[in-house]
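Below is one structure, written out as structure tokens; the observations come after it.
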Amino acid sequence: MRTRFSTLLALATAFCLAVTAVLAVSGEIRGIVVDRSGTPLPGVTVVVRNDALGVPERGGVTDTRGTFRIIGLPAGPGYRLRASMPTYAATEFADLTVPDGGAFNQDVVLRPASELKETVKVEGKADVVDTDTVATSTSFSSEFISGLPVLGRDYQDILSLAPGVTDVNNTGNPNIHGARDTDVLTLVDGVNTTDPFSGYYGQQLNIESIQEIEVITSGSRAEFSRAQGGFVNILTKSGGNDFKGSAKFYIRTNRLDGDGAGTDDPELVGGLGSASFSDLRFTDLYPYLSLSGPILHDKLWYIVSGEYVQVETPVDAITQAYVVGTHGYRAFGKSTWQINTANKLALSLTVDRTQDDNQGLSSVVPIESGYTFKRGGPTYTLRESAVFSPTMFLDSAVSWFDNNFQQRATSNPDTNGNGVLYVDDVPALGGNADGFLQGRERDPGEDYDRDRRYDVFEDYNFDGVLAALEDLDKDGRLTPAVGCEGAEHEDVNCNGTFDFEDDLNHNGTADPFEDTGIPCALSLQCPDGVIPGTRGNGRLDSEDANGNGQLDVVGTSGLTPFPFWNDANGDGQKEPSEYRTPLAPDLDFTRDVSGRYSGPYPYESDDNRTRLTFKEDLSLFVGEFGGSHDLKIGGSFEKEGYEGTLWQRSSLRIPRPRTASRTLGGSAPTTPSAVTAILGIPRSVDAESTGKNFGVYIQDTWKPIANLTVGLGLRLDVEDLSSFGYTYFEPSAERAHYNNLMEVTGIDLSHDDVNAERQGLCRDPIYGGSCVGIPPSLAVLYSAIRTQAPKRLTRHNSQVEILGAHLSSALGTDTDINDLIALGYNIRQREPLEIQ
-3 MRTRFSTLLA
7 LATAFCLAVT
17 AVLAVSGEIR
27 GIVVDRSGTP
37 LPGVTVVVRN
47 DALGVPERGG
57 VTDTRGTFRI
67 IGLPAGPGYR
77 LRASMPTYAA
87 TEFADLTVPD
97 GGAFNQDVVL
107 RPASELKETV
117 KVEGKADVVD
127 TDTVATSTSF
137 SSEFISGLPV
147 LGRDYQDILS
157 LAPGVTDVNN
167 TGNPNIHGAR
177 DTDVLTLVDG
187 VNTTDPFSGY
197 YGQQLNIESI
207 QEIEVITSGS
217 RAEFSRAQGG
227 FVNILTKSGG
237 NDFKGSAKFY
247 IRTNRLDGDG
257 AGTDDPELVG
267 GLGSASFSDL
277 RFTDLYPYLS
287 LSGPILHDKL
297 WYIVSGEYVQ
307 VETPVDAITQ
317 AYVVGTHGYR
327 AFGKSTWQIN
337 TANKLALSLT
347 VDRTQDDNQG
357 LSSVVPIESG
367 YTFKRGGPTY
377 TLRESAVFSP
387 TMFLDSAVSW
397 FDNNFQQRAT
407 SNPDTNGNGV
417 LYVDDVPALG
427 GNADGFLQGR
437 ERDPGEDYDR
447 DRRYDVFEDY
457 NFDGVLAALE
467 DLDKDGRLTP
477 AVGCEGAEHE
487 DVNCNGTFDF
497 EDDLNHNGTA
507 DPFEDTGIPC
517 ALSLQCPDGV
527 IPGTRGNGRL
537 DSEDANGNGQ
547 LDVVGTSGLT
557 PFPFWNDANG
567 DGQKEPSEYR
577 TPLAPDLDFT
587 RDVSGRYSGP
597 YPYESDDNRT
607 RLTFKEDLSL
617 FVGEFGGSHD
627 LKIGGSFEKE
637 GYEGTLWQRS
647 SLRIPRPRTA
657 SRTLGGSAPT
667 TPSAVTAILG
677 IPRSVDAEST
687 GKNFGVYIQD
697 TWKPIANLTV
707 GLGLRLDVED
717 LSSFGYTYFE
727 PSAERAHYNN
737 LMEVTGIDLS
747 HDDVNAERQG
757 LCRDPIYGGS
767 CVGIPPSLAV
777 LYSAIRTQAP
787 KRLTRHNSQV
797 EILGAHLSSA
807 LGTDTDINDL
817 IALGYNIRQR
827 EPLEIQ
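Under the numbering used here, the final residue of the sequence shown carries the number 832; numbering is consecutive throughout.
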């Protein structure tokens, strides 16, 4: 990962300077004051306050048309409005709720004081029809959410309750009115928290820290951008003058009934339900704690909340039963400072971290072949609001979003524990140091054929045939020329004899003509024709490293497949637990002929996804210009980044014989090649992308008359994207898809590359559909195309067997067998293999 120092420095500077971005987390209360005959009353004093949210008295005076407007109010419930004027009875409204980024309209009727001797208190209610907006949206308050019978503690579970919103695959990424699930933008306190790489949700929040969720499904204003489906606007809670605490604990566990995950109806699983399904143990836990209150009364407030999440879901995959687990935490903190009556500053931190275990499993993928997925990180947001006058208000914020995503194999890929996965950078073990991982560069371990015994030289009569007394390891086959196993095996060249550099002139020194290296004909272990490290080192080398006069396999064990054997049970049988067994090669991610997988998952990744956001939003009210105008002018800048590293290890596939469709006139099954394709893959791949988005907008809510509203808006967005990376590509898998399509259509039933060109041309309708009796008018065209056109123009992917430099499709020579042994496969099985 590259350092992000410059980005962090820019963020710190932005925080210090408080140069901030748009954040529509403030609203307003407005209306008109009239007498009982409907005549507007100018000069009426209107005051609002909210003790719970720490909003001191703030007010204004109605104009000549009787209208009032109080801006810059934090969104939330609990507001009280009081209207008073000499000779009139004061009227007070309670429980007003200021919407996020919107206005609460409250008209007031004042009556003469002679008619009423006390203040009139009524409950304020919002207008049924708000003519100031045409957006179609649904809002969910914290009180409404707390009463929902929703299974889970994710805010995404609430979104699908809005009309037109669905999440059919339960991923937490809904689609709105049929748009893609990546076309939904999530804003938390007005700041974009969508994943900049995937377009899905990027931050988890606990429901208890949310004050309101607004889902905008259509008709959004010009201030919203970068989404075609809709917007999710989340408003978090804030502290106030009242100290509050909340603690909740949710639990769901099999221990309540002791029946585990129960049993499946036999009709659902065809009588093949896993017997261990009822033995699974699982527990869901959701402990939550929240505290809020004042640090300085009417000046400084705080709120902190935290939640631990443990979700364990039992799964019966018929062939196995397992528990998919999710563990993590979600924390939120916010501090709000009322600098003066006109300025407020708020700093918030949202952190989440989630780990999903037992991913990628199925009836053919066991637990040890799955992977773990981790995600999460912090989002810092600094906000500032300033009221310049009763008609001018500025909202500002800066935000830093930084999430980390990881994917790791459930099982350690280094299954033999020797700290080696590939030997690409170890020429002595066959690596070519080209930066690509070939199948032959896998960690060989010591047990090349995986029979749990050391193979030693056996062909003492050099006739190439296994004699009765030569089968030292009792495996029924002759150890081939490269088959001697063991990192400490002194018979490196596997010829059964002591090999050494001789002091031909008996002068006691290694002369250049003597220091030529110990001969070795093994292409893998000895690419230079000598045992590595023995040529030109200034000494006379010998295979007898410990100088005890014998070729040892391990230490001073001697030349034996069963070093240090101790017949513990006295049965005379050499069992692996009774002697030192060779270190096995690392296991591959393998698919056998039945389609089942084994071994560690081969794909891993680690990346960071970031977003630096600056926004500004200026609200301006113009009362006399062909009616009233609510103007909003704003700009935003977002710099997004992705930096990731991908790892892939080779996987092993034992293919089934290819078959042609008999229903379409195909031929009998063909015989697969014994070994296909060793494909080199990069050791690791770094990918990165950056995006810069700049947007400006202006929108006007024009009211030419009191009951008519006209909305006008214009927005300009400029986006600059750049990326660099690599995508793994598996030709064999792509070819398999093509073959399946050809068999279904019946167009191409043979996998004969020799006739592929002719068949493709003859089947193409443009040439008449047959090569027999081609019209003379097309003969010249057909001949030219057949000669000049590449095969790919008529057959999208030719069937080509990609053979490794040391592999053959016949397994008929010693070199083929020896190389496969060196790669770590048991040749006795003689199974067709495909290495990716």
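Built from N, CA and C at the ideal position, the CB exists for glycine as well.
Given the structure is predicted, the values throughout are model-derived calculations rather than measurements.
- Here Ala131 really is in contact with Ser216; their C-beta atoms are around 6 Å apart, less than 8 Å.
- Here the C-alpha atom of Gly236 lies approximately 34 Å from the C-alpha atom of Ala223.
- DSSP places Ile230 in the strand class (E or B) of the three-state scheme.
- In this structure Lys240 is exposed. Its beta-carbon is surrounded by fewer than 16 other beta-carbon atoms within 10 angstroms.
- With respect to the C-alpha of Asp524, the residue from Thr512, Arg535 and Gly534 having the closest C-alpha is Thr512.
- As a beta-bridge residue in DSSP terms, Pro108 pairs with Tyr84.
- Comparing alpha carbon positions, the residue from Ala564, Gly543, Thr577 and Ser573 closest to Thr556 is Thr577.
- The C-beta distance from Arg607 to Glu636 rounds to 5 Å, short enough to fall under 8 Å.
- Closest by C-alpha distance to Gly302, out of Val319, Arg326, Pro290 and Thr309, is Arg326.
- Annotated three-state conformation of Pro557 is coil, per DSSP.
- Taking a C-beta distance under 8 Å as the contact criterion, Val307 and Val228 do not qualify as a contact pair.
- From the listed residues Gly329, Thr346, Phe610 and Asp352, the smallest Cα separation to Val319 is found for Asp352.
- Put simply, the stretch 410 to 417 does not touch the stretch 449 to 461. Fewer than three CB pairs are less than 8 Å apart.
- It is roughly 20 Å from the alpha-carbon of Asp421 to the alpha-carbon of Leu583.
- The residues Glu204, Lys244 and Glu303, in chain order, have a CB closer than 6 Å to that of Tyr284 in the same chain once the five nearest residues on each side in sequence are set aside.
- Non-local beta-carbon contacts of Gln334 in its own chain, meaning distances under 6 Å to residues more than five positions away in sequence, involve Lys295 and Lys340 in chain order.
- Ile212 sits away from Gly198, with the two beta carbons spaced by 8 Å or more.
- Counting only the Cα atoms, Ser407 lies some 31 Å from Asp469.
- Minimum Cα-Cα distance from Gly431 among the listed residues Ser680, Arg438, Leu465 and Leu616 corresponds to Ser680.
- Measuring C-alpha to C-alpha distances from Arg436 to each of Ser647, Ser135 and Arg149 identifies Ser647 as the nearest.
- For the set Glu574, Thr167 and Val394, the Cα lying nearest the Cα of Val184 is the one of Val394.
- Phe401 is a Cβ neighbour of Arg371, given a cutoff of 8 Å.
- Looking at the DSSP output, Asp613 bridges to Asp391 and Gly630.
- The stretch 51 to 104 is shown to contain whole beta strand (DSSP E) runs of 3 or more residues at 51 to 57, 63 to 70, 72 to 81, 84 to 94 and 99 to 101, in chain order.
- For the pair Gly23 and Ser142, the Cα-to-Cα distance works out to about 24 Å.
- Collapsing the DSSP output to three states places Ser365 in a helix.
- The beta carbon of Pro52 sits closer than 8 Å to those of Arg45, Asp294, Gln334 and Thr337, all from its chain and outside the five residues before and after it, given in chain order.
- Straight-line measurement puts the Cα of Ile67 at about 15 Å from the Cα of Arg78.
- Bounds of any alpha helix (DSSP H) do not take in Leu276, whose DSSP letter is neither H nor E.
- Contact between Tyr597 and Gly356 holds, since their C-beta atoms are separated by about 7 Å, short of 8 Å.
- One thing to note: Asp443 has its Cβ no nearer than 8 Å to the Cβ of Asp471.
- Under the 10 Å beta carbon count, Gly534 is surrounded by fewer than 16 other beta carbons and is classified as exposed.
- Collapsing the DSSP output to three states places Ala243 in a strand.
- In this structure, the alpha-carbon of Gly630 lies about 55 Å from that of Asn736.
- DSSP lists Arg349 and Asn400 as the beta-bridge partner residues of Gly372.
- Three or more beta-carbon pairs separated by less than 8 Å link the stretch 534 to 546 to the stretch 482 to 489, which places the two stretches in contact.
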